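Take the sequence shown: its letters are residues 2 to 338, numbered as in the numbering used here.
By construction, the Cβ of each residue, glycine as well, lies at the ideal position given by its N, Cα and C atoms.
All figures in this text were calculated on a predicted structure; none of them were measured in a lab.
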Amino acid sequence: RRRLWWRNAIIDCMFMATWFIFATSLSLYNKWMFSPTKYGFPNPLFVTMMHMFVQWGLSGLLRTLKPETFRSARTPERADYIKRAMPTGITTGMDIGLSNLSLKTVTLSFYTMCKSSTLIFVLFFAFIFKLEVFSYRLIGVMFLIFVGTLLMVATETAFNMLGMFLVIAASAAGGLRWALTQILLVGKSGKRMGMDNPASSIFWLAPTMGVTLAILSLLIEGWGDLFWGKGSKFWVSVGTTFQTLVFLISPGVLAFVMVMSEFYIIQRVGMVPMSVAGIFKEVTTISLSAWVFGDEITPVNMVGVGITFIGIGLFTHHKYLKSVHSSTPLDAHGNPI
């Protein structure tokens, strides 16, 4: 069991490193693109919608080029798709869309502080759907990470009520999103629907995500202003239009690799370890944000970083002990059968 744990830990770390690089790059790119003082693109939901259709196209290409690996023999029936896949796509669209929308009104550090509440929602839905066994030790470790994250980005300035509401709503949608995604990737329903690998999951979920974001974008942002109002400067000439399209579409490739890695991680280790890895990513994002965007980091923030790392270490130890000392039969990934 120890050898199995370490072998899988190395493989999982490779997926997490891939996800970490692309997720951090995308966070910084989005902050640059949507910030009024940087590129200043006015419609973050529209951009994220474009990313979803890029991901749909890339996943379809992958399924065509490597059908033996990425194309499942089954396809989802209409009833299953509406009942199981659509809620996953809608919550994913809301999580990503509301997160990007909030970056127009809050600093990256304040966003991270509020988004750390995802840990609470992740744990809540993991217990509700019985994806994790209830454990006071696990609750304590997650609370420690949550407190560390709050201290890590604690600041008395740049508070924004609307921004906070958007991020908390995104966190709640994110917690439910990861639970539903894990059920699809690991559960029997996913195999029945042909969504038991990341590329197939993205292929079937991305259209629902894209439509959800299109509706949110139309209702909240409107598209008239983007093309004929203050956003028209992005389309004034052929050269400017081409540049804008590159800026809109190319991050979709980053998002595709990031989501593929996310789904592999969830398939192998589950949603709770994925959310903890997300906090580690936020530590790096905050450090890079201070360097790139000039966000202030105080001694209290540094204490928060230390507490967060301790919490992540304790969580890893908790999962290690649970895996090594469990009498439950395990699959090739070290998960209970």
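Take the alpha-carbon of Leu249 and the one of Gln56: they are about 13 Å apart.
Taken in chain order, the complete alpha helix (DSSP H) segments of 4 residues or longer contained in the region 153–231 are 162–187, 189–194, 199–217 and 225–229.
Burial state of Trp229 is exposed, judged by a 10 Å Cβ sphere holding fewer than 16 other Cβ atoms. Glu78 counts as exposed, since fewer than 16 other C-beta atoms from the protein chains shown sit within 10 angstroms of its C-beta. Its Cα nearest to that of Thr150, the residue Met114 stands out among Met114, Phe122 and Phe128.
Rounded to whole angstroms, the gap between the alpha carbons of Glu133 and Ile313 is 17 Å. The shortest CA-to-CA distance from Lys231 to any of Pro37, Asp197, Lys32 and Phe130 is the one to Pro37.
Ile129 counts as exposed, since fewer than 16 other beta carbons sit within 10 angstroms of its beta carbon. DSSP places Asn44 outside both helix and strand once states are collapsed to three, so it counts as coil.
Rounded to whole angstroms, the separation of the alpha carbons of Val247 and Gly175 is 28 Å.
Around the Cβ of Lys105, a 10 Å sphere holds 16 or more other Cβ atoms; the residue is buried. Taking 8 Å as the upper bound for CB-CB distance, Val304 and Leu152 are in contact here, some 6 Å apart. With contact defined as three or more Cβ pairs closer than 8 Å, the region 16–36 and the region 252–259 are in contact. Here Asn44 really is in contact with Ser218; their C-beta atoms are around 6 Å apart, less than 8 Å.
Boundaries of the alpha helix (DSSP H) around Arg269: Val239 to Val270. Across the set Ala207, Phe42 and Val301, the C-alpha of Ala207 shows the shortest separation from the C-alpha of Met87. Leu27 is positioned such that its CB atom lies no closer than 8 Å to that of Val142. In the structure shown, Thr150 falls within a helical segment according to DSSP collapsed to helix, strand and coil. Gln183 is a Cβ neighbour of Gly271, given a cutoff of 8 Å. Segment contact: the region 47–63 against the region 197–211, three or more CB-CB distances shorter than 8 Å; contact assigned. Excluding the 5 residues flanking it on each side, Ala278 has same chain C-beta neighbours closer than 6 Å at Met17, in chain order. Excluding the 5 residues flanking it on each side, Leu167 has same chain C-beta neighbours closer than 7 Å at Leu99, Leu102 and Ser103, in chain order. In this structure, the straight-line span from the alpha carbon of Ala171 to that of Phe42 is close to 21 Å. Exposure of Tyr137 is indicated by the presence of fewer than 16 other C-beta atoms within 10 angstroms of its C-beta.
In the three-state reduction of the DSSP assignment, Glu78 falls in the coil class. The three-state reading of DSSP puts Phe126 in helix, counting H, G and I together.
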